[in-house]
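Read in order, the letters of the sequence shown are residues 1 to 712 in full-length UniProt numbering. Okay, so here's the structure we're looking at.
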Amino acid sequence: MDTSTWQALGAADFLHRHFIHGINWYAVLLAFLVPVLLIWAKHEILLKRLRAILDFMLSFQLYDGGNNGNSKPDRYNPSFEFVKSKYISDIDISPQQQQVLDSLDGTEDKPNQHAEEDRLKKYIEFATRSGSRTNKGIYLAAIGFIITCYYGFKAIFGAVDCNFTAILSPCSTNAGSINQQMLVIGGLAFAGAFVASVRMLLRALALYDLTAYSFLRHTGEMIFSILLVMLIYRAFPDPFFHFGKLMLSDSVVTQLTNIENQQRELIEKQQQLENQNAMARAESEAGEAQPTSTQSSGSDEPAPATDSTTDQKSGAELAQIGTDDQPKPSINPASDTSQEQAVAKGEVDTSPSSLTPNVLPTRMGPTDKGIPWVWFAFAPVLGLLPFSASKFLLIKMQSLVSWTKTTDDRFADVSKVISLDIIDGIDFETRFRLEECGIYDVQNLATYNPVMLHIETPYGIYQTIDWIAQAQLCHIVGHEKFLMFREVNIRTIFDLERAIDSIYSPEAFDDIYASILFAPTENLRKAAAISQFKFLIADRDNTLRQVSVDEFCAWARGKIRANGGTGTNGAPDPELTKAVEHLMAWISDDLHIRRLRRLWIDISDSLGESAEFFKDSKRCKARQAFIDGLCTKWCETKAEEQAKAAEEGENQIKQDEVEAEQTEGEPAAVEPVVEQADGAGDGQVAGQDPPAPVVAADQNNPANPEDDTKPT
1 MDTSTWQALG
11 AADFLHRHFI
21 HGINWYAVLL
31 AFLVPVLLIW
41 AKHEILLKRL
51 RAILDFMLSF
61 QLYDGGNNGN
71 SKPDRYNPSF
81 EFVKSKYISD
91 IDISPQQQQV
101 LDSLDGTEDK
111 PNQHAEEDRL
121 KKYIEFATRS
131 GSRTNKGIYL
141 AAIGFIITCY
151 YGFKAIFGAV
161 DCNFTAILSP
171 CSTNAGSINQ
181 QMLVIGGLAF
191 AGAFVASVRM
201 LLRALALYDL
211 TAYSFLRHTG
221 EMIFSILLVM
231 LIYRAFPDPF
241 FHFGKLMLSD
251 SVVTQLTNIE
261 NQQRELIEKQ
271 QQLENQNAMA
281 RAESEAGEAQ
291 PTSTQSSGSD
301 EPAPATDSTT
311 DQKSGAELAQ
321 IGTDDQPKPS
331 INPASDTSQE
341 QAVAKGEVDT
351 SPSSLTPNVL
361 PTRMGPTDKG
371 IPWVWFAFAP
381 VLGLLPFSAS
391 KFLLIKMQSL
401 VSWTKTTDDR
411 FADVSKVISL
421 DIIDGIDFET
431 RFRLEECGIY
441 DVQNLATYNP
451 VMLHIETPYG
461 IYQTIDWIAQ
471 AQLCHIVGHE
481 KFLMFREVNI
491 RTIFDLERAI
501 DSIYSPEAFD
511 DIYASILFAP
521 TENLRKAAAI
531 SQFKFLIADR
541 DNTLRQVSVD
551 EFCAWARGKI
561 RANGGTGTNG
571 APDPELTKAV
581 EHLMAWISDD
591 LHIRRLRRLW
601 IDISDSLGES
611 AEFFKDSKRC
621 KARQAFIDGL
631 CTKWCETKAE
641 EQAKAAEEGE
651 NQIKQDEVEA
661 EQTEGEPAAV
671 EPVVEQADGA
681 GDGQVAGQDP
691 PAPVVAADQN
701 NPANPEDDTK
711 PT
């Protein structure tokens, strides 16, 4: 069986009986080391972040009521629970371990006040001593990744050993064949695809999102990238030459094409001469070997083993020569004579263009002895592009086809993403670290879980809350207004909310910050100019007209100033205050803002009331006076309600007396007597109206200081 082509198929290492000697152990080490280290790091990250979750829970007194004595249901925080469940769900719990966890809750008579803390400590203990079925599944899914990496590293090492000209040994024997060039290109493409895959796997590891799907996906993308690059190389061996023809004149292109065809014909004729030389050499060697074997045998039987061996060897050499794309120098002297005779007969083109094989040294692609230098840069770069990037390129190329549904790119200039650099406290290194968590712009940061960002990054909880609160304000009002707000001491969404909607804030600030909220921006002007949009407003006489952006913003600002911006006696306009507070109510009602507000309140409660301001602060007296005023107002309102109820009771008594006088002397109906008897108390005669001593007492003293409903 001919095994000369097994190397080209990459199977010689395993089909040979001494296949151990053909394995590249450096490639094996790298192929196994990458997934093993990633999965081991995943387990270490699990333990580290579980301990960080425990520290966070203990630091802010979650689940034990904190400093304000709240019960467990009141201290339940969905943001914290979501982060905790993300890491706990990856731990395998046996039935015996589940019984231990259930016993930590205590009994109904004596519940465990620190059950959640003890349960989390048990989870950390279980994760430390036991493995995970998830990790075992990841190892199984990484088999394809390991095999792909082995052959990729082997191709790279082979190309390096042969100076990127060949992979199979010996380097000089088949240095120009197309299959070896394809292997070199595949190895270079693998280098780029491997770097892209490791980078994506490390990002998934940072997010604790390293799953079996991650390895399967990146294995498929590596294979896809390698095959795509090899096909592109086979179609365009020298892209500068093929695409350069489009920029040349027709006469130059025709001349280059003729030169290329003449070179191809010369190579084909030289290959025919090589085949003839090989056949002549094989016949001469077979003729010399047959008499020798006959004389040494000593019997009449021929020596078929020697002939078959010789034939097999000559056939292998013939196949080797026949499949080689490059011409080789003649060995047999007879071949030189044959070549001279062919030239004399005119069978070989001896024109200058055909006799100069290096006229286009890098444009013959597979027929050349080297790979064009441009592919040493193209192959790794194209390999770096994953499937998603390739899909992105295909989407962008849809504009070249008229019958496909394309995207509207008119608003690309006004719909750009807002970089994280606009947030106070985020520099280039911090932005790069946040991008590993999937946070690329302000919108991603505004909607991110602050507890998860604290656990999965080296940044503190207060820092992450401040960044997210800034991002929420920037995301809602736009980056132009966000920068203006920051210059007037409004940094976060909660600063704006307290400045407008707080019970302590003067209403004059509503007018101040409304001037920024209703101001036109350059982005709004560009969007209106691109779309040719005009605002339609109604004048005082209900006449409709189209106006520009600036005129519309001025009109909208004037609509909320019903009294010219001031109320009676110089007070702020109540309509303006109502409109601005309504605007603040809806822009601060997003779910991610509610989540951040809840976390803000929980941390503030854990710090205690003493952390709000100093004891000698004027806000302390103002707050107490405000509370006293609320209490007095509440008491007055309660007294008015009691007086109104007493008056209604007195009117009801008078109405009952009038009805009793009208029905005096007439026999009482059965049903009313029965109902009155049912509702009569001790010592009360049926048919008589019950006295109302309580109502009289409330009427005389509507604000009884001993009333249980009075606030303290």
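Backbone N, C-alpha and C fix where the C-beta goes; we use that ideal spot for every residue, glycine too. In this text, all values refer to a predicted model and were calculated from it rather than measured experimentally.
- Buried is the label assigned to SER588, since at least 16 other Cβ atoms lie within 10 Å of its Cβ.
- The C-beta distance from CYS149 to PHE215 rounds to 11 Å, too long to fall under 8 Å, and the pair is not in contact.
- Under DSSP, ARG545 forms a beta bridge with ILE537.
- Spanning the alpha carbons of TYR459 and ILE465 requires a straight line of approximately 10 Å.
- ARG203 places its beta carbon less than 8 Å from that of GLU436.
- Close CB contacts of LEU120 within its chain, under the 6 Å cut and outside five residues either way in sequence, are with LEU54 (chain order).
- In the DSSP assignment, GLU116 falls within the unbroken alpha helix (DSSP H) covering 115-129.
- Checking the DSSP bridge columns, you'll see PRO111 partnered with GLY106.
- From the listed residues ALA611, ALA31, LEU227, the smallest Cα separation to ALA379 is found for LEU227.
- Sorting ALA141, ILE468, GLN181, ARG281 by C-alpha distance to the C-alpha of ILE232 places GLN181 at the top.
- Taken atom to atom, the span from the alpha-carbon of SER548 to that of ALA412 is near 22 Å.
- Between MET222 and SER197, the C-beta gap is smaller than 8 Å, which places the two residues in contact.
- Boundaries of the alpha helix (DSSP H) around LYS86: 78-88.
- Pairing PHE482 with TRP600 gives a Cβ-Cβ distance that is not under 8 Å.
- In this structure, DSSP gives GLY608 a state outside helix and strand, which the three-state scheme calls coil.
- Sequence-distant Cβ neighbours of ALA499 in its own chain, meaning closer than 8 Å and more than five residues away, are ILE490, SER505, PHE509, TYR513.
- By the neighbour-count criterion, in which 16 or more other beta carbons inside 10 Å mark a residue as buried, TRP634 falls on the exposed side.
- Following the DSSP letters along the chain, one finds VAL229 inside the alpha helix (DSSP H) bounded by residues 212-235.
- Burial of HIS454 is indicated by the presence of at least 16 other C-beta atoms within 10 angstroms of its C-beta.
- SER225 is a Cβ neighbour of LEU385, given a cutoff of 8 Å.
- ARG51 and GLN443 have their C-alpha atoms roughly 29 Å apart.
- The C-beta distance from ILE39 to TYR139 rounds to 7 Å, short enough to fall under 8 Å.
- In this structure, the straight-line span from the alpha carbon of LYS644 to that of ILE653 is close to 14 Å.
- DSSP places VAL374 outside both helix and strand once states are collapsed to three, so it counts as coil.
- Ranked by how close their Cα comes to the Cα of GLN61, the residues LEU607, LEU536, GLU522 have LEU607 in first place.
- The residue from TYR440, GLN463, ASP441 with its alpha-carbon nearest to that of VAL451 is GLN463.
- Listed in chain order, the alpha helix (DSSP H) runs fully inside the stretch 463-515 are 479-487, 493-501, counting runs of at least 4 residues.
- It is roughly 21 Å from the alpha-carbon of GLN262 to the alpha-carbon of ILE371.
- In terms of Cβ geometry, GLY187 and ALA159 form a close pair [threshold 8 Å].
- Less than 8 Å divides the Cβ of ILE593 from the Cβ of GLN472.
- In the structure shown, ILE91 falls within a coil segment according to DSSP collapsed to helix, strand and coil.
- Here the alpha carbons of ALA585 and GLU648 stand approximately 39 Å from one another.
- For LYS416, there is no enclosing alpha helix (DSSP H), as DSSP marks it with neither H nor E.
- CYS631 counts as exposed, since fewer than 16 other C-beta atoms from the protein chains shown sit within 10 angstroms of its C-beta.
- The alpha-carbon separation between LEU205 and ALA41 amounts to approximately 8 Å.
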